Amino acid sequence: MNVGIRAISAVIVLAVFLLGAGCGGGPNVKTAPAEEKEYIFYPPPPNPPRYQYLTSFYSTKDFVKKKSKFFKFIAGEDKKEVQRIIRKAYGVDMYDGIIYVCDIGAGGVVKINLKARRFDLLGVSGRGKLLKPVNLLIDRKEKLLYVADIVRKQVICYTLDGKARKFYGQQDQFAGPTDVDHDEDKLFVCDVNKHQVIVIDKKDGKTLYTIGEPGSKEGQLFHPTNICIHDGRLYVSDTTNFRVQVFDLAGKFLASFGQAGRVPGTFARNKGIAVDKEGRIYVVESKYDKVQVFDRDFRLLLFMFDPGNEKHNINLAAGIAIDYDNVDYFKEYISPGFHAEYLLFVTSYFGKSRVNVYAFGTSSK
């Protein structure tokens, strides 16, 4: 890690957060009395906490129910339980108590069922066998899972229990699909090798139009890796151009922000991108393991998180997702007095955790 970047963690970003002052740096660790829990917040004081680290997932031991002593007595212990791990996590989302994670290392989608305390791996056999799944999309209305596989050069549609239903990407339609999002009857497929977003019909899979072309000018893309659709806008993480570009859903260029650099507000390897209901834009900076937060006018509000050997750290961060519907599954981790509005998931390739869960909210203390 570059020393200059480590130093940045102590700098306060001179930007006004939508609900308070924003700043960057490491976490504020509040150590409670011995019998109480320790809570980690961002940003550090004197700013009010806006994000709390909740928990992490790496292997089955993090969430799978342990068999009781009585069960072991009855069934015996001759079969050793196999511990499964998430190898290299990228795309992530959550729906109805289940976290879905693209595991590039395992060649499948990890399904972390918090209700049943189960760990399953989807897309590892049959016609829908994945090779290198990068990102995923959950269609909540239709209850379908779409996965962008860069090696198969396809987007595959599954039921939520892992049955392959449809395959998008015929002949040379895609060269390197790395992300997928949707709007009504259209799928937007980010193609890192074609340097464009390909818009296809959900029903027949035919290409309707494309957004972007190779280049560095406004509206042109170079190795885009991640996309997000929010409020009628398409946000593209234009990675090798070190910026984020914004289009309307017809493909008209609207705006861009960011440039190459090593200071807050610039990018070196921007990847995952997400937008919350208030228009805050989250961008994963993979090279320096940060998440940068911008307002709807592209002003930097906050940069947060660090690499390291603790569970709350991120290491070679990749994907990010926001979820408003499953906060209750994590209420046991939330600090008293902290009012969580939504969850923020950040994935990593390496380290002691592969999926970190944070909460955005406000503190009454």
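This note's numbering numbers the first residue of the sequence shown as 2 and each following residue consecutively. From the three backbone atoms N, C-alpha and C, an ideal C-beta is built for every residue, glycine too. Small disclaimer: the values here were computed from a predicted structure and weren't measured.
Simplified DSSP state of residue i, which is helix, strand or coil
{"i": "Thr-267", "result": "coil"}
{"i": "Phe-58", "result": "strand"}
{"i": "Phe-361", "result": "strand"}
{"i": "Val-111", "result": "strand"}
{"i": "Lys-272", "result": "strand"}
{"i": "Asn-136", "result": "strand"}
{"i": "Asp-94", "result": "strand"}
{"i": "Glu-39", "result": "strand"}
{"i": "Phe-331", "result": "helix"}
{"i": "Asp-104", "result": "strand"}
The beta strand (DSSP E) enclosing residue i, as first and last residue numbers
{"i": "Gln-246", "result": "244-249"}
{"i": "Ala-318", "result": "316-324"}
{"i": "Ser-1", "result": "Here the chain covers residues 2 to 366 and nothing more, so residue 1 does not appear."}
{"i": "Ser-349", "result": "339-351"}
{"i": "Arg-119", "result": "119-123"}
{"i": "His-224", "result": "Neither: His-224 is in no beta strand (DSSP E) and is coded neither H nor E."}
{"i": "Phe-304", "result": "301-305"}
Per DSSP, cross-strand counterpart(s) of residue i
{"i": "Glu-214", "result": "DSSP output for Glu-214 lists no bridge partner at all."}
{"i": "Lys-187", "result": "Asp-184 and Asp-202"}
{"i": "His-231", "result": "Arg-234"}
{"i": "Gln-84", "result": "Answer by DSSP bridge pairing: none, since Gln-84 is not bridged."}
{"i": "Glu-286", "result": "Asn-271 and Lys-291"}
{"i": "Phe-168", "result": "Ile-157"}
{"i": "Val-356", "result": "Phe-58 and Thr-348"}
{"i": "Ala-149", "result": "Asn-136 and Val-156"}
{"i": "Thr-240", "result": "Paired residues: none, contrary to the question."}
{"i": "Gln-197", "result": "Asp-192"}
{"i": "Ile-99", "result": "Tyr-96 and Asn-114"}
{"i": "Gln-53", "result": "Phe-42 and Ala-360"}
{"i": "Thr-208", "result": "Ile-201"}
Contacting residues, own chain, Cβ-Cβ under 6 Å from residue i (five flanking each side not counted)
{"i": "Arg-88", "result": "Asp-104, Gly-106 and Ala-107"}
{"i": "Pro-50", "result": "Phe-42 and Ser-364"}
{"i": "Cys-158", "result": "Leu-145, Tyr-147, Arg-166 and Lys-167"}
{"i": "His-224", "result": "Val-193, Thr-240 and Thr-241"}
{"i": "Ser-325", "result": "Strictly speaking, residue 325 in this sequence is Tyr, with Ser absent from that position. So the list reads Tyr-343, once near-sequence residues are dropped."}
{"i": "His-313", "result": "Ile-41 and Tyr-54"}
{"i": "Lys-353", "result": "Lys-312"}
Chain C within 7 Å of residue i, Cβ atoms only
{"i": "Lys-187", "result": "In the structure shown, chain C cannot be found, because there is only a single protein chain."}
Length of the line joining the Cα atoms of residue i and residue j
{"i": "Val-328", "j": "Ala-275", "result": "18 Å"}
{"i": "Ala-261", "j": "Ala-149", "result": "27 Å"}
{"i": "Gly-109", "j": "Phe-351", "result": "17 Å"}
{"i": "Val-347", "j": "Val-93", "result": "8 Å"}
{"i": "Pro-151", "j": "Gln-221", "result": "First, the residue type needs correcting, since residue 151 is Ile and not Pro in the sequence shown. Straight-line Cα distance between these residues: approximately 21 Å."}
{"i": "Ser-57", "j": "Leu-137", "result": "20 Å"}
{"i": "Phe-304", "j": "Asn-48", "result": "13 Å"}
{"i": "Lys-204", "j": "His-340", "result": "41 Å"}
{"i": "Lys-366", "j": "Gly-127", "result": "53 Å"}
{"i": "Ile-228", "j": "Arg-118", "result": "31 Å"}
{"i": "Lys-291", "j": "Ala-269", "result": "11 Å"}
{"i": "Thr-240", "j": "Thr-267", "result": "12 Å"}
{"i": "Leu-188", "j": "Lys-207", "result": "10 Å"}
{"i": "Leu-131", "j": "Asp-277", "result": "30 Å"}
{"i": "Glu-214", "j": "Lys-142", "result": "32 Å"}
{"i": "Tyr-96", "j": "Ile-323", "result": "11 Å"}
{"i": "Gly-163", "j": "Arg-153", "result": "17 Å"}
{"i": "Lys-332", "j": "Ser-287", "result": "29 Å"}
{"i": "Leu-301", "j": "Gln-293", "result": "7 Å"}
{"i": "Leu-250", "j": "His-183", "result": "10 Å"}
{"i": "Leu-317", "j": "Val-285", "result": "10 Å"}
{"i": "Gly-280", "j": "Arg-297", "result": "5 Å"}
{"i": "Val-356", "j": "Ser-349", "result": "6 Å"}
{"i": "Tyr-91", "j": "Val-102", "result": "7 Å"}
{"i": "Ile-321", "j": "Thr-179", "result": "14 Å"}
Other residues of its chain near residue i: CB distance less than 8 Å, five sequence neighbours each side excluded
{"i": "Glu-36", "result": "For Glu-36, the pLDDT reaches just 47, beneath the cut-off of 50, and the residue's location in the model is therefore unreliable, leaving the point undetermined."}
{"i": "Ala-256", "result": "Gln-246, Val-247 and Phe-299"}
{"i": "Gly-98", "result": "Asn-114, Leu-115, Lys-116, Asn-327 and Tyr-330"}
{"i": "Leu-209", "result": "Lys-187, Val-200, Ile-201 and Asp-202"}
Sequence-distant residues of its chain with Cβ nearer than 7 Å to residue i (five each side left out)
{"i": "Ser-336", "result": "Tyr-40 and Gln-53"}
{"i": "Gln-84", "result": "Ser-60, Thr-61 and Lys-62"}
{"i": "Gly-252", "result": "Tyr-210 and Ile-212"}
beta-carbon residue i near the ligand FMN non-hydrogen atom, thresh 6 Å
{"i": "Ile-201", "result": "The ligand FMN is absent from the structure shown, which contains no ligands of any kind."}
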